[in-house]
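Protein chains in written order, with my numbering: chain A, 1 to 256; chain B, 257 to 270.
C-beta atoms are modelled at their ideal positions from N, C-alpha and C, and glycine is treated no differently.
Values in this document were obtained by computation on a predicted structure and should not be read as measured data.
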């Protein structure tokens, strides 16, 4: 059985907000390592990989590996019934036909209990090879969100060019064109806002802005984001949390 | 307009 108690229930609410528009149903794979999820969007263009490590919960118990098939819209509706400061406990027995959720307020004088019906999901699990990327950009997650939203005004796609001087996000469309360049600035006072680039080789890649904007729904989970790129392989957008991560992969656009 | 690739082209199904 699974029992996982999360002191900061808001984290789970934010995680759901970050994935529910990209994927509708997914298996939460529970093991002694923690709770993981991997799912592709319906159009097979993007993939979400989530890990909530066991040490982020107190206590965390999972005697046997379990796959909890969840409709994410339903789960996010139930999670809206939890207060932001509530402690959330997830429980499922080995038959895994329901997921029990308990929300306790911080004064411990209001306890709410919900049960969510689970479903059987045939998941298409993808093997993601370990990749050494040609360019890795670490930057403020809020800045990344702003750039994607701003450039969406101009186009469906963004061209990302990375050189050792900086990273340039450019978009061209019917109404005109726009570009935002962030210079590498590791010495700024505010570490959280620094743009850092690790570069083996310059890269220039095109991606769908609709998906990138969707990925930025994870912004409340981390102040930093990393973009890992190589020519002609999927982009990795990673938000690291205290005990886990949310990774998005996006297939590049190619040719004309 | 560039063409959108499918992720399946890059990652093998397990």
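Q: Starting from residue 238 of chain A, find everything on chain B with Cβ-Cβ shorter than 8 Å and list it in chain order.
A: Residue mapping note: residue 238 of chain A aligns to position 238 of the first chain, counting from 1. Simply none; closest approach about 16 Å.
Q) Exposed or buried, which one is residue 251 of chain A when buried takes at least 16 other CB atoms within 10 Å? A) Here the question's residue 251 of chain A lines up with position 251 in the first chain. When all chains shown are included, residue 251 of chain A counts as buried.
Q) Is there contact between the stretch 138 to 152 of chain A and the stretch 44 to 52 of chain A, where contact requires at least three CB pairs shorter than 8 Å? A) no
Q: Return no unless some Cβ of chain B is closer than 8 Å to the Cβ of residue 176 of chain A.
A: Your numbering for residue 176 of chain A matches position 176 in the first chain. Chain B contact via Cβ: absent.
**Q.** Presumed contact (8 Å Cβ cut-off) between residue 184 of chain A and residue 164 of chain A, rounded CB distance
**A.** Residue 184 of chain A sits at position 184 when you count from the first residue of the first chain. Residue 164 of chain A sits at position 164 when you count from the first residue of the first chain. Indeed they touch by this definition, with Cβ atoms about 7 Å apart.
Q) Roughly how many whole angstroms lie between the Cα atoms of residue 312 of chain A and residue 2 of chain A? A) As shown, chain A starts at 1 and ends at 256. That puts residue 312 of chain A outside it, with no answer to give.
Q | residue 19 of chain A: first and last residue of the uninterrupted alpha helix (DSSP H) it sits in | A | Against the first chain, residue 19 of chain A aligns to sequence position 19. From DSSP, the alpha helix (DSSP H) with residue 19 of chain A extends over 9 to 19.
Q: Specify, as a first and last residue, the run of the beta strand (DSSP E) that residue 123 of chain A falls within.
A: Here residue 123 of chain A is taken as the residue at index 123 of the first chain, counted from 1. Element bounds for residue 123 of chain A: n/a, residue is neither H nor E.
Q: For residue 108 of chain A, return the contacting residues in chain B, with the cut-off set at a CB-CB distance below 9 Å.
A: Residue numbering aside, residue 108 of chain A sits at position 108 when the first chain is read from its first letter. The premise fails here: residue 108 of chain A is roughly 43 Å from chain B at the closest Cβ pair, so nothing lies under 9 Å.
Q: Could you tell me whether any Cβ in chain B is nearer than 8 Å to the Cβ of residue 206 of chain A?
A: Numbered from its first residue, the first chain carries residue 206 of chain A at position 206. Yes, its Cβ sits closer than 8 Å to a Cβ of chain B.
Q. CA-CA distance, residue 218 of chain A and residue 119 of chain A?
A. On the first chain, residue 218 of chain A is found 218 positions in, with the first residue counted as 1. On the first chain, residue 119 of chain A is found 119 positions in, with the first residue counted as 1. Between residue 218 of chain A and residue 119 of chain A, the C-alpha separation is close to 25 Å.
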